[in-house]
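Engineer: Have a look at this one.
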């Protein structure tokens, strides 16, 4: 092999190696971008979870307040019904 052909062969191997290196670097950049995207999605999911937990807590508190108000209304209705029955019974005599 002549010196020129050896240099050409070495140059081709170097070019192929550089192409392979560039491809590997690009794959690594894509993997890093994918990882960042996953991190961003995970952070967004965590924020959504926190927001939904707060909304659930607020809804549960509102539900307890409505149940309490419902019991109070039922108690007052029962008292009003008893009063009306007493008045009707007294007038029926």
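Residue numbers (the working numbering): 4 to 96.
Note that the Cβ used here is the ideal one computed from N, Cα and C, for glycine as well.
Just so we're clear, the structure is a prediction, and the values are computed from it rather than from any experiment.
By the DSSP assignment, the alpha helix (DSSP H) with residue 96 in it spans what residues?
Structural biologist: Element bounds for residue 96: n/a, residue is neither H nor E.
Engineer: Helix, strand or coil, according to DSSP, for residue 86 in the structure here?
Structural biologist: If DSSP states are grouped into helix, strand and coil, residue 86 belongs with the helices.
Engineer: If we ignore side chains and look at the alpha-carbon of each, how far apart do residue 82 and residue 94 end up?
Structural biologist: Cα to Cα, residue 82 sits roughly 18 angstroms from residue 94.
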